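Colleague:
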Amino acid sequence: MKDEAESLLQGRVRVINVWKPLKNPVEDYPLAVCDSSSMALDDLIESDLIRKRFTGATLYAHYNSNQKWYYLSRQRPDEALIMKVFDS
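Residue 32 in our numbering sits at position 21 of the sequence shown, and the numbers go up by one each step.
#1: Looking only at its own chain, which residues have a Cβ that is under 7 Å from the Cβ of Ala-72, when we skip the five neighbours before and after it?
#2: DSSP beta-bridge partners for Asp-39?
#3: Looking at the secondary structure, which residues open and close the alpha helix (DSSP H) in which Ala-16 lies?
#4: Beta-carbon separation of Leu-83 and Leu-70 under 9 Å?
#5: I need the straight-line Cα distance from Tyr-74 to Glu-57, nearest angstrom please.
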């Protein structure tokens, strides 16, 4: 990707995650997602992200009762949850 970096920076970048069970319906620990529009800036805690070849920062969410949380009960393999993680 290093060779393509310049051209990639010229356009739109999106990160999309797709979650689905591989074999059976989810019985325990379903994936929960928070509606980002229900989060306050104070709900986010910045933390250092340190790797061998990269140093940066990431954000962790702190629970707030005003947040709106959702999950799929007994999500089946034929059900996919699509999340937009980043959009430039």
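Positions of the beta carbon are idealized from the N, C-alpha and C atoms, including for glycine. Remember, it's a predicted structure, so these values are computed and weren't measured experimentally.
Modeller: On the basis of the supplied data:
#1: Your numbering for residue 72 matches position 61 in the sequence shown. Cβ neighbours of Ala-72 beyond the five flanking positions: Cys-45, Met-50, Asp-54 and Leu-55.
#2: Within the sequence shown, residue 39 is the residue found at index 28, counting from 1. Asp-39 pairs with nothing; no bridge assigned.
#3: Within the sequence shown, residue 16 is the residue found at index 5, counting from 1. Ala-16 -> alpha helix (DSSP H) spans 16-19.
#4: Locating residue 83 in the sequence shown gives position 72, counting from the first residue. Locating residue 70 in the sequence shown gives position 59, counting from the first residue. Not in contact: Leu-83 and Leu-70 (Cβ atoms no closer than 9 Å).
#5: For the purposes of this step, residue 74 is identified with residue 63 of the sequence shown, where counting begins at 1. For the purposes of this step, residue 57 is identified with residue 46 of the sequence shown, where counting begins at 1. Here the C-alpha atom of Tyr-74 lies approximately 14 Å from the C-alpha atom of Glu-57.
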